[in-house]
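**Student:** Under my numbering, the sequence shown has 58 at position 42, and the numbering climbs by one with no breaks.
Structure in structure tokens, see below.
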Amino acid sequence: MYNEGLYSDTYVHSRLTQQESMRRRLMLAACVILPILALVAVPGMFKIIGLLVAVIADIVMIYFLPNPHIDYEYVFVDGQIDFDRIIAQNTRKTMCRTDLEKVEVVAPEGSHALDGFQNLPQQDYSSRNEEDHHYIVVAKGEKGNIRIRFTPDERLLDQMKMKSRSKIKDE
């Protein structure tokens, strides 16, 4: 059992980006159009081969289709933060794990505290909802510093402040 003051978890639903949403629509349209096109445009006995190729292409496209049911969970336990991705509410994968000792700064997106870290690679584990308040964690990763975009709740921020107040910015 964890000490109440050193544990927090936050669950957020993530939206598809506009680019992912458009790619999803185009792929679904192609899945419908390809078999019809194979039946109409391919002559004679090659229709079977054309239809088979169209069905195989459909299966490949469906496999790579962006999933609209992606959620993120942030688990903070005694200074360690896990960023987990949950797909379709049944497949969980820890995308990133960092410790507050490896964190340079945690600040709201657009904060001046992040000015020196603008050119770092960024990983996005946020809700992608522009109405939400997103924060950026700058942490030491395996290949240097990285920016992690996420959408914490007040409880998570408070727990992080209790562990390392100087690294958490409110501006």
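For every residue, glycine included, the Cβ atom is placed at its ideal position computed from N, Cα and C.
Mind reading off the beta-carbon distance from Ser24 to Tyr88? Whole number of angstroms is fine, and I expect it under 8 Å.
**Tutor:** The beta carbons of Ser24 and Tyr88 sit about 14 Å from each other, so the pair does not count as a contact at 8 Å.
**Student:** Does the segment 90-100 come close enough to the segment 152-169 that 3 or more CB-CB pairs lie under 8 Å?
**Tutor:** Segments in contact, yes.
**Student:** According to DSSP, which residues form a beta bridge with Thr110?
**Tutor:** Asp100
**Student:** At what residues does the alpha helix (DSSP H) containing Gln35 begin and finish?
**Tutor:** Gln34 to Ala57
**Student:** Which two residues bound the contiguous beta strand (DSSP E) that contains Gly66?
**Tutor:** Not the beta strand (DSSP E): Gly66 falls in the alpha helix (DSSP H), residues Lys63 to Tyr79.
**Student:** Do the segment 160-171 and the segment 131-148 make contact, defined as three or more Cβ pairs closer than 8 Å?
**Tutor:** yes
**Student:** Identify the continuous alpha helix (DSSP H) that holds Ser30 and give its terminal residues.
**Tutor:** No alpha helix (DSSP H) holds Ser30; the beta strand (DSSP E) holding it covers Tyr23 to Ser30.
**Student:** On the CB-based measure, 16 or more other CB atoms within 10 Å of its CB, does Thr167 come out buried or exposed?
**Tutor:** buried
**Student:** Buried or exposed: which applies to Lys183, given that a residue is buried once 16 or more other Cβ atoms fall within 10 Å of its Cβ?
**Tutor:** Buried, by the Cβ-count rule.
**Student:** If Glu187 and Tyr151 are in contact, beta carbons under 8 Å, what's the gap, nearest whole angstrom?
**Tutor:** The beta-carbon distance between Glu187 and Tyr151, rounded to whole angstroms, is 11 Å. This is too long to meet the 8 Å contact definition.
**Student:** With C-beta atoms as the reference, is Gly66 less than 8 Å away from Val58?
**Tutor:** yes
**Student:** Along the alpha helix (DSSP H) that carries Gln175, what are the first and last residues, could you check?
**Tutor:** Glu170 to Ser180
**Student:** I need the straight-line Cα distance from Ser143 to Val28, nearest angstrom please.
**Tutor:** 6 Å
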